[in-house]
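Chains as they are written, first to last, in our numbering: chain A, 116 to 526; chain B, 116 to 526.
Glycine included, C-beta positions come from ideal geometry on N, C-alpha and C.
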C-alpha cells in the first residue's frame, strides 16, 4: 500500500481552497492586522512569522508526507499575499502566497517574504521556490528555520543570498520545528514518527483491576485526541482493543480530514472470526482504509484471508511482529506517522522497545489505585531512576475536567 | 500541645511589618496604579478586590488559625489605604487599612472599603470591624465573599446595610474561597484541612521497584512543595520515610516562615532506637517542633520516652492510629491543616479513609512502569470506575522539567 496514493482526495483540496479563499477575503477586510510600526524589525519579523505559522496549520491533516508550511508577503507594512501548503502534491506555500498577491493586483518588487521553512531549491513537482523568488523581485526573505533534511539544510538560503537577497533565518526555530516535527523526524531518522496516546487516572492507571476504563477522561479530552488522530497517517491498535471495544478509529468531533489508515498489529489470528470481520468497524473500509500486519509464521486461514481481501482490508505478513519491524514497514510504505491508540499490550511493547517519540497523556480526575489495575508499562525492568526513560514535558493544558500532558522522548 | 501558643513569634511579625511598610511606600510612589476610569463599576470593583487578594497573601504562613484577609481603601479613584491580616492575634485587615489611610493623612468620609472577606461583627481580641467601619465614615463596602462560618455568614454585611452603607458582595467568590480554603474547611467541617503532596513519574509511580525515588521531579517542583509546606500547620510522615530519608521537614527555598510542627504517625516504636532519636533531624526541635502520635497499646519503653521528652519531642498516645483519629486529635489541638509528605503507607491510609481534601501531585519527566514499583494507592479496592474517588482538577502548571497538578476531592 503506497501512502502517496491516498492523498489526491478532491474533497480535501476543495475544503482547503475554501479556507484559503476565506483567508484571502479577511486580508481585504482587515487592514488593521498590519503590524505596529513602533516595533523593532526583529519583533515585526517574528510577528509576521507567527502569522505564517497560523497559515501553515490550515493544511491540517492533508500535507503528509510533506511538511506544513505557511508564507506571507509584506510590502511597505502591508500584507499583500498569504499562502500555505494545502495538500501533498499541491503548490508550495511560497507559490500560493505569490499567486495570492498577484491575484489581488500587487507588484512583488521590494516585498519581504515570510515563510515558516527554508524555501526549496530543487525542481520537484512544482518547480524550485528559490527560482520563483529570484524571478519575482522579492527583496528580503525571513524564515523560521532551515530545512531539517541534512542534504538540503541551508542551500536554499545560500542561493538567495548569493543572488543579493537579504536572508534572515532561524527566527522562530522552536515553533518552526514543532510545526514540522513529523517531517523533521522523517528527514533526520528515516523513520515514521510515533505518538502514543493514552487516557490515565491521576495515578497512572489505564483501567481498574476489573478492566473498567470508560471513561477516565472527559469529552474535551476525547475531542482533543481526535484532533491529534487527524495529524497522523496511521492509527494503531492491538487485538485486545479491537475485540473489547470494536472501535471505528475515524477522526470525528469536527476534525474530519482524509481518514488515517487503521492498522491492526497481530501475532496471530486467534479470535478474529468471520463473524467479527463481517460485523466490526475496523473491517469496514468505507469508514477508513484498514491494514493488518501479522506474523508470517501464523497466517490467517485461506477462507479468512479471502474474506479480508473481499472486504478490501490489506493483509501483510512480516518476518516478525515487533515495534521495530512494524516501523520499518510503515516508513517504507509511505506512512510518515503512527498514532498508538492502545491497548496496554501495544503500549508496553512500544515503550519497552523505546519506539515512542511523543506521548499524549490525558489524565482524568480520578484515582484508581491497586497494582493489579491496568497500567502503561507493565513489563518495565527499571530498577534505578537513572535508567528510566526521560522525556521533555512540552506542555500541560486543562481540558475541562481533565488535562493533557504532551511529552517528547529525549534523544 | 496547643497550636495557638506557637503563633506569637516576633520575627514573623517584624517580617510582615516590613513587607507591609514596603507596600505603603509603593502607594506613594506609584499613583498610576489607580484603576482606569473607563471601566465599569463592576470591573473597577473586581480590580481593587484582586489587589486586596494580593495583599492578603502577604500573611503567608503566619495567620493560622485565622484566614488570610486583605483590605483596600479607595476614595475618588485613589487608593488611600492598604492592610492585611499579618499574624494570628494581630489586627484585622480592615483595621490595618484604616490605620494606613489615617497615617498618610487621609479622611475616610466617602471612601470605599474593598475587603476579601465579610467584615467581622463580633468583639474579639481586636473589636468588631463593623463598628470600626460605621464610625469611620466609609460609605461603601465591597467584599469578595461572605464569611463561611454558618453562624456568621451575612451578619456583618447586614449590620452595615442596615446602617445605610452600600454593600456589594460575592464579587470574587472563587478567588476569595481559594484564599481562605483552610479556614473555610475548618469552619464548615470542624476538621483540619488535609493536603497530600506526592512526586510521581508520568505513569504514577512514587519509586522504582527497588525503591529508588530521588529525584523524580526537578528543583522547581521541590521548591514549590516548600511553598505549600509553609501554608500548613503540620507536616506528616510515617516511620518508613523517617528511617529511609532522615528528612528535616523544614520550610526552605526562600519560603521561610514560622516552622510547621512535624508529626510522626506510629503504630509502634519498633526501629526507633536511641541512636536514631539522638541523630535524626526529626528529633532536633531546634529545627521545628516535633510531635509523635502513637497507638496507646504499643507505647515506647520508659527510657525511650524519657529521651524523647528530654529532647523536647511531644509524645501523645491515641486509642487507635487511623487517619480519622489523627485528624480528630489535630483539630482539637489547634492544628488547622495537615500536609502529608509520605511515604506510601501514609498516602494509602489517608486515601483509603477518604481523608484527603487537596492533592498536590508533582509529575516528573520519567516513565518507571512495572506493577511492583511503589504507587500512591496500593490497597485500593476500586473495581468499577464509578466507584473511583473523583477530584476537581483546579490547575496544572509547568515547573521547569516537571509539572504540578492541584486537585480537590469532590464533596
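Measuring straight from C-alpha to C-alpha, what distance separates residue i and residue j?
i, j, result
"residue 298 (chain B)", "residue 354 (chain A)", "52 Å"
"residue 392 (chain B)", "residue 498 (chain A)", "31 Å"
"residue 167 (chain B)", "residue 373 (chain B)", "23 Å"
"residue 253 (chain B)", "residue 163 (chain B)", "16 Å"
"residue 421 (chain A)", "residue 405 (chain A)", "15 Å"
"residue 528 (chain B)", "residue 503 (chain B)", "Within the shown structure, residues of chain B are numbered from 116 to 526, placing residue 528 (chain B) beyond reach of any answer."
"residue 486 (chain A)", "residue 486 (chain B)", "5 Å"
"residue 413 (chain A)", "residue 286 (chain A)", "53 Å"
"residue 363 (chain A)", "residue 154 (chain A)", "50 Å"
"residue 361 (chain B)", "residue 408 (chain B)", "18 Å"
"residue 519 (chain B)", "residue 222 (chain B)", "46 Å"
"residue 195 (chain A)", "residue 370 (chain A)", "30 Å"
"residue 513 (chain A)", "residue 429 (chain A)", "39 Å"
"residue 156 (chain A)", "residue 277 (chain A)", "23 Å"
"residue 384 (chain B)", "residue 501 (chain A)", "34 Å"
"residue 328 (chain A)", "residue 302 (chain A)", "37 Å"
"residue 437 (chain A)", "residue 460 (chain A)", "12 Å"
"residue 211 (chain A)", "residue 220 (chain A)", "14 Å"
Using beta-carbon positions only, say whether residue i and residue j come within less than 8 Å of one another.
i, j, result
"residue 203 (chain A)", "residue 178 (chain A)", "yes"
"residue 492 (chain A)", "residue 469 (chain A)", "no"
"residue 352 (chain A)", "residue 379 (chain A)", "yes"
"residue 227 (chain B)", "residue 259 (chain B)", "no"
"residue 465 (chain B)", "residue 309 (chain B)", "yes"
"residue 251 (chain A)", "residue 213 (chain A)", "yes"
"residue 175 (chain B)", "residue 345 (chain B)", "yes"
"residue 453 (chain A)", "residue 349 (chain A)", "yes"
"residue 411 (chain A)", "residue 381 (chain A)", "no"
"residue 529 (chain B)", "residue 325 (chain B)", "Absent from the structure is residue 529 (chain B), since the part of chain B shown begins at 116 and ends at 526."
"residue 265 (chain B)", "residue 451 (chain B)", "no"
"residue 182 (chain A)", "residue 295 (chain A)", "yes"
"residue 472 (chain B)", "residue 272 (chain B)", "no"
How would you call residue i, buried or exposed, if buried means at least 16 neighbouring beta carbons within 10 angstroms?
i, result
"residue 171 (chain A)", "buried"
"residue 304 (chain A)", "exposed"
"residue 447 (chain A)", "exposed"
"residue 218 (chain B)", "exposed"
"residue 237 (chain A)", "exposed"
"residue 215 (chain B)", "buried"
"residue 209 (chain B)", "buried"
"residue 262 (chain A)", "buried"
"residue 435 (chain B)", "exposed"
"residue 356 (chain A)", "buried"
"residue 431 (chain B)", "exposed"
"residue 417 (chain A)", "exposed"
"residue 388 (chain A)", "exposed"
"residue 390 (chain B)", "exposed"
"residue 425 (chain A)", "exposed"
"residue 158 (chain A)", "exposed"
Short of 6 Å in beta carbon distance, which residues of its chain neighbour residue i, apart from the five on each side in sequence? Order them along the chain.
i, result
"residue 505 (chain A)", "525"
"residue 522 (chain B)", "474, 506 and 508"
"residue 440 (chain B)", "433"
"residue 229 (chain B)", "163, 164, 167, 187 and 257"
With a threshold of 8 Å on Cβ separation, who are the neighbours of residue i within its own chain once the five nearest residues in sequence on each side are excluded?
i, result
"residue 479 (chain B)", "314, 315, 316, 317, 330, 331, 332, 333, 336, 516 and 517"
"residue 275 (chain B)", "234, 245, 248, 249, 256 and 282"
"residue 442 (chain A)", "306, 307, 309, 453 and 470"
"residue 481 (chain A)", "316, 317 and 331"
"residue 415 (chain A)", "384, 387, 409, 423 and 430"
Can you list, in chain order, the residues of its chain whose CB lies under 7 Å from that of residue i, leaving out five sequence neighbours each side?
i, result
"residue 365 (chain B)", "374, 402 and 403"
"residue 320 (chain A)", "483, 488, 489 and 490"
"residue 270 (chain B)", "236"
"residue 207 (chain B)", "184, 200, 235, 241 and 244"
"residue 342 (chain B)", "370"
"residue 58 (chain B)", "Any question about residue 58 (chain B) goes unanswered here, given that chain B covers just 116 to 526."
"residue 338 (chain A)", "368"
Using a C-beta to C-beta distance shorter than 8 Å, which residues of chain C count as neighbours of residue i?
i, result
"residue 522 (chain A)", "Of the protein chains in this structure, namely A and B, none is chain C."
Worksheet item: What residue ranges within the region 201-253 of chain A form continuous beta strand (DSSP E) runs of no fewer than 3 residues, ordered along the chain?
Response: 227-230
Worksheet item: Which parts of the region 286-336 of chain A are runs of the alpha helix (DSSP H), unbroken and 4 residues or longer, counting only runs that do not cross its ends?
Response: 288-294 and 296-304
Item to complete: Within the region 359-404 of chain A, note down every full beta strand (DSSP E) run reaching 3 residues or more, in order along the chain.
Response: 376-381
Worksheet item: Enumerated in chain order, which unbroken segments of the alpha helix (DSSP H) with a length of 4 residues or greater are wholly contained in the region 405-465 of chain A?
Response: 417-425 and 438-447
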